[in-house]
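Each residue of the sequence shown is one higher than the last, beginning at 1 in UniProt numbering.
Report on the structure given below.
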Amino acid sequence: EPLARPPDDVPIVPIDLLRESRKQFSELLLEKMRAPDGSYDESFVVPGLTMPRRSNRAPLNLETNNPLSLHDEVRADGDNPWKEWFAAVELRKTIQQDVERTFPDMGYFRGEEVQHQLTNVLFLYSVMYPDIGYRQGMHELLAPLFYAIDFDSVQEGHEISETDSLFTELCSRKWVAADSWALFSAVMRKISLWYEWREPTSPPTHGPVNLKPYVPPIVDACNRIQGTLLKSVDPALHEAMQNAGVEPQMYGLRWLRLLFTREFPMDEAMMLWDGLFASFSPTSDLVLWLCVAMLIRIRTKLIPSDYSTQLTYLLRYPACPPPEAGAPHHIVLLIRHATALEISPHPATGAALMIENRNFLNIPLEVSDPPIPRRRPRQQEKAHLITPSESSAPGTSGSQMFSPQLSFTELFARGLLDRGESLGINKTVMNAVSELKRNLPDLASTLVRPPFATSSFSAYPLLDDKSPEERYVRNHRSDLESARDLAELRQQNRHLGEAAGWVLDVLVQEGSSGTYQAQRKQALESLSYIRDVLRGQVEEVDEQRLWGEVEFKKR
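In structure tokens form, the structure reads like this:
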């Protein structure tokens, strides 16, 4: 606000704030990494130093302060500290397993020291915020920050000029972990609610109790993306995704929690972060609108696709086509689109974005027609229209015999006749004919009764010309047979539901190993097979194709 009064707070020099943050990181890490007996791990190095931390063990009563002690009076709160220590060790092992899988295509994160520092930062955050703790995916948020700080860091030398000393301290390589922890904590202050997994405790109240079920913030954000924001700017895409049955949590969880690090390469994801962090505010929904802009960018792929294909596009976001010469970078364009949608959430804005995508990224505006699903022909479609015995039956004239292949003119004429019957036009015409016969007896004998005089809807068996007995047997089966067929259908639906549940469990998981990729491929093939069964394209269900080869052997 240009006309606002300047703040009265004394500004803090950035280097002083950085020194305080680094000091806090060192003190917290020394506190949380110390065992109850005062010792440290042999490989633990104090931040800012280059040698392992020496253990300062004070005299202890080993009868009470040891892992196997049954005494709980070791601390003031009555808990044995070794229980908490062993829980922390298990937590560090879990974090280490995820850190080892961080960006497997980048050799930088395969370094032992880098993995060790990432584990320390994530462990410290989890113990400082126990309500959230460590959640899978946090390592992919910390990794880009750590990489950027280390990339800009400098190694302190022995001979440093006075003018470069401040710069060297600001970008010191020995404080990369501490600076990464500060930045990671700042980012998590904005998006930590997307990692909440349990209902926060609230103080007891004496008023009416709210019985509304708890909805995690990440689920509410995903529902807003697809159910409210997307619907307001692109109703056609929203309808297509709703009809396909795609739940927004299936892609929104990963997009929001990881801030798109899986959808774009590292360099493009960091460009995207620059735009997001520059506009982060408590009232901004730019991240949510960014998801909407990403959906609009691939709308021509999503709208004509079925459920499994839509899910594939959303979980494996397509690479952007090369832009035209002189066009802005597609990440810059994406941020600009998200900002435009947030300012003006209307269908006209969505249409303008589609035009820009076509002009700059060569993304077509036209949506291709969806593929026509194949189905089995019905029994009535296989039946012939008139049997030879019926065609030679007495009283059947040649004019009442119809070929199986009816021309458009015949269908149109018969439609008019049927329509005339329903509106009473045919009756009016016949009354006029009868009146004409009475008035002109000489011409009555020459009048030929028109074929539609006794016609009715049943006289034109376009699809079925079976005898009444055959139609009755076919259309009115016994109650026992109907109940049996219904029970078999319900059992098959339950079986397909179990298989679909297994597919969903596999797709929701995150991983990059070869085993996971193979399992993911089998899950998608199983999902495609479930679709074919529900469409009626499979007469007998193949259990191995339904569950996949590996899961089928387990069962």
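Beta carbons are placed, not taken as given, at the ideal position from N, Cα and C, and that holds for glycine.
Source: prediction; values computed, not measured.
By the 10 Å Cβ neighbour count, where 16 or more other Cβ atoms means buried, how is residue i classified, buried or exposed?
i	result
D505	exposed
Y214	exposed
V176	buried
V508	exposed
Y472	Residue confidence is low: Y472 scores 46 on pLDDT, short of 50, so the model does not pin down where it sits. No coordinate-derived value is stated.
P248	buried
T515	exposed
N362	exposed
F151	exposed
Q491	exposed
W197	exposed
D485	exposed
F277	exposed
L546	buried
R474	Note that R474 scores 48 on pLDDT, short of 50, meaning its location in the model is unreliable; the coordinates nonetheless yield the value given after this. The residue is exposed, with fewer than 16 neighbouring Cβ atoms inside 10 Å.
Just verifying my parser: in three-state terms, what is the DSSP assignment at residue i?
i	result
S279	coil
S308	helix
V45	strand
S26	helix
S344	coil
S172	strand
W273	helix
V154	strand
E140	helix
D164	helix
V332	helix
P14	helix
Y251	helix
Q509	coil
M33	coil
C222	helix
C291	helix
K212	coil
W197	coil
M128	helix
N362	coil
A325	coil
S528	helix
E84	helix
residue 561	The chain is shown from 1 up to 555; residue 561 falls before or after that span and cannot be answered.
L314	helix
Note down, in chain order, each residue of its chain lying with its Cβ closer than 6 Å to the Cβ of residue i, except the 5 sequence neighbours on either side.
i	result
E263	Y317
L334	A293
W289	A338, L341, E342
W181	F25, V121
residue 613	In the structure displayed, the chain extends from 1 to 555; residue 613 sits before or after that span and is not available.
P394	Residue placement at P394 cannot be trusted, given a pLDDT of 44 that sits under 50; what the coordinates show is reported in the next sentence. Excluding residues within five positions, none has a Cβ falling inside 6 Å.
Could you tell me the distance, in whole angstroms, from the CA atom of residue i to the CA atom of residue j?
i	j	result
M138	S165	34 Å
I15	T119	26 Å
P345	D234	10 Å
S192	G133	10 Å
L411	R535	Interpretation of L411 is limited by its pLDDT of 47, a score under 50 that renders its predicted location unreliable; no figure is taken from the coordinates.
P499	P304	A small correction: the amino acid at residue 499 is Ala; Pro does not occupy that position in the sequence shown. Going from the Cα of A499 to the Cα of P304 covers about 25 Å.
M271	L30	35 Å
A240	V533	22 Å
S308	G245	10 Å
K554	E540	21 Å
V89	Q97	13 Å
L311	A87	38 Å
A352	G227	21 Å
E42	P217	41 Å
S482	E488	10 Å
K190	F280	8 Å
S403	Q544	The pLDDT assigned to S403 is 40, lower than 50, so where the model puts this residue is not dependable, and the model offers no usable value.
P130	W82	18 Å
S153	E113	16 Å
Spatial neighbours of residue i within its chain, please: CB distance less than 7 Å, with the 5 preceding and 5 following residues excluded, ordered by chain position.
i	result
residue 562	Outside the displayed span of the chain (1 to 555) sits residue 562, for which this structure offers no information.
L230	L237, H238, V292, L295
H330	C320, P323, L361
A326	The question names Ala, but residue 326 in the sequence shown is Gly. Nothing listed; no residue qualifies.
Give every residue of the same chain whose Cβ lies closer than 8 Å to the Cβ of residue i, excluding the five residues on either side of it in the sequence, and list them in chain order.
i	result
I355	L365
A221	W194, G252, L256, L288
Q155	R173
P144	T261, M266, A269, M270, W273
R92	T119, F123
E140	T102, F103, L258, T261, R262
Indicate whether at least one CB of chain D lies closer than 8 Å to the CB of residue i.
i	result
E84	Of the protein chains in the structure, only one exists, and it is not chain D.
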